[in-house]
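Residue numbers (my numbering): 2 to 71.
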């Protein structure tokens, strides 16, 4: 499997509803913002997220939480 993707959208293309994902970062630093945005735009639902912080409603994993995807 090639682990280098041309875009965030390509990286999350196979992600479906109900998955569990783990996210890195510390507070609002080092979060995978592009991947979070791609998941938000894909409108994946029922996510279980393992992380030390959910961010805010407009940054970090809080974006997914605010849109009812978690």
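A virtual CB, placed ideally from N, CA and C, is assigned to each residue, including glycine.
All of these numbers come straight from a predicted model, not from anything done at the bench.
| Check | Outcome |
| --- | --- |
| Measuring only the C-alpha atoms, how far is residue 61 from residue 26? | 9 Å |
| In this structure, does DSSP put residue 40 in helix, strand or coil? | helix |
| Straight-line CA distance for residue 68 to residue 7? | 26 Å |
| Tell me the residue span of the alpha helix (DSSP H) that contains residue 66. | 63 to 67 |
| Beta-carbon within less than 7 Å of residue 18's beta-carbon, same chain only, minus the 5 sequence neighbours each way: which residues are those? | 45, 46 and 47 |
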